[in-house]
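First up is the structure itself, then whatever we jot down about it.
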Amino acid sequence: MEAPHYFSPSYPPSDEALESAMGRFLIAWGILETQLDSSASVFLHVDTTLSLCITANLGTMAKIDMLKAAISMQEGAFEDSTVDEAHGILNHISMLATRFRNTLAHGQPTLWLDDEGDVWSWTRTSARKQLDVRRMPLLAERWEEAEREVKEVTSEWCQLYQDVWHVFHKLNSEDIEKLAVLYQREY
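Laid out in structure tokens, this is it:
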């Protein structure tokens, strides 16, 4: 019996365009994460040092949940469209995290045997309730598209959080306390 192929490492062929595109995506994602971290100080009404202490050990989804809750609790300061826009942008970031960032961070280059022969893909496998295998072809164009999308959503988020800063900057601490909307449910 022949030993399985995975006992010895196998590497995809070197592709400078792909490697460059994946690297540029990773840099763009890092900038997006920086903007999420920075915006937490605005939405939580704390200084940036404390904000970084809060966000330092949070994953992207936890940051998104926190920011959604913070903006929802202060919805009285904004037009409904601002809250909807913030949630829409954060939902888009969440989708990008699942589709691209998590795939890159938690995936591996994997050789698949397809009808076309051997095909390299970046593969992320998870098994919560059932096995979930996500394959992304190792194509520079896919990561270039992902980089563009991340840069666009980063710009949208920066514009929104700048607008929010201008609203909050006019408020005093008493105004901020009055803004907090408490959602309670009886059980």
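Under our numbering, think of the first position of the sequence shown as 10, with each following residue one higher.
Built from N, CA and C at the ideal position, the CB exists for glycine as well.
Cβ neighbours of residue i in the same chain (closer than 6 Å, five flanking residues each side left out)
i, result
"G39", "none"
"A37", "E156, V159 and K160"
"A106", "T69"
"Q83", "L188"
"H54", "I185"
Beta-carbon proximity list for residue i, same chain, < 7 Å, skipping 5 on both sides
i, result
"S19", "L120"
"V51", "Y170, V173, W174 and F177"
Identity of the residue in the options nearest residue i by Cα
i, options, result
"D24", "M82, H178 and E150", "E150"
"W152", "R110, E125, G97 and V142", "R110"
"P21", "V176, Q117 and I185", "Q117"
"M31", "D184, T112 and H96", "T112"
"S164", "A95, H178, K179 and H54", "A95"
"S29", "S135, N66 and E154", "E154"
Simplified DSSP state of residue i, which is helix, strand or coil
i, result
"R133", "strand"
"D56", "coil"
"D184", "helix"
"G126", "strand"
"L140", "strand"
"L120", "strand"
Cβ separation of residue i and residue j, assumed to be a contact under 8 Å, to the nearest whole Å
i, j, result
"L27", "L147", "6 Å"
"S206", "R108", "The structure shown does not extend to residue 206, since the chain is modelled only from 10 through 196, so no value can be given for it."
"L188", "G85", "5 Å"
Classification of residue i by the beta-carbon crowding that lies within 10 angstroms, buried from 16 upward
i, result
"V142", "exposed"
"A49", "buried"
"A114", "exposed"
"I98", "buried"
"I185", "exposed"
"S60", "buried"
"T58", "exposed"
"T64", "buried"
"R137", "exposed"
Same chain only: Cβ atoms within 8 Å of residue i, ignoring 5 sequence neighbours per side
i, result
"I102", "L41, L45, T69, I73, V162 and W166"
"L67", "M75"
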